[in-house]
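These notes are about the structure you will find just below.
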Amino acid sequence: MEGDGERLRQRGRGTWFDRCGELAITEHNNPKCDTCARGGSCGLDCTVSRLLCPKCGATA
Ligand SMILES: [Zn+2]
Ligand SMILES: [Zn+2]
């Protein structure tokens, strides 16, 4: 049994897909990293705090 963290993959900034192919729901409750806080972009979705697949229920 693999961990749910292995199941979810990022496809571009702010877009995550579960391994089952469903677009995951994201919650953005984390603070921005230093780069983003200064108005830059780290290229990562650094504010994502939680991911949920509405189809199979996987979370990360
Ligand atoms: Zn960032
Ligand atoms: Zn899924």
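Taking this note's numbering, the leading residue of the sequence shown gets -5, the next gets one more, and so forth. Using N, Cα and C, we set each Cβ at its ideal position, and we do this for glycine too.
Span of the alpha helix (DSSP H) holding T29? Following the DSSP letters along the chain, one finds T29 inside the alpha helix (DSSP H) bounded by residues 28 to 31.
Go through its chain and collect everything with a Cβ distance to I19's Cβ below 8 Å, but skip five positions before and after it. The residues are L45, L46, C47, P48.
Among D39, S43, A54, which residue has its Cα nearest to the Cα of T9? Checked all of D39, S43, A54; the closest Cα to T9 is D39.
Once DSSP output is grouped into helix, strand and coil, what is the label at E16? In this structure, E16 counts as coil in the three-state DSSP scheme.
Report the partner residues of R3 according to the DSSP bridge assignment. F11, per the DSSP bridge assignment.
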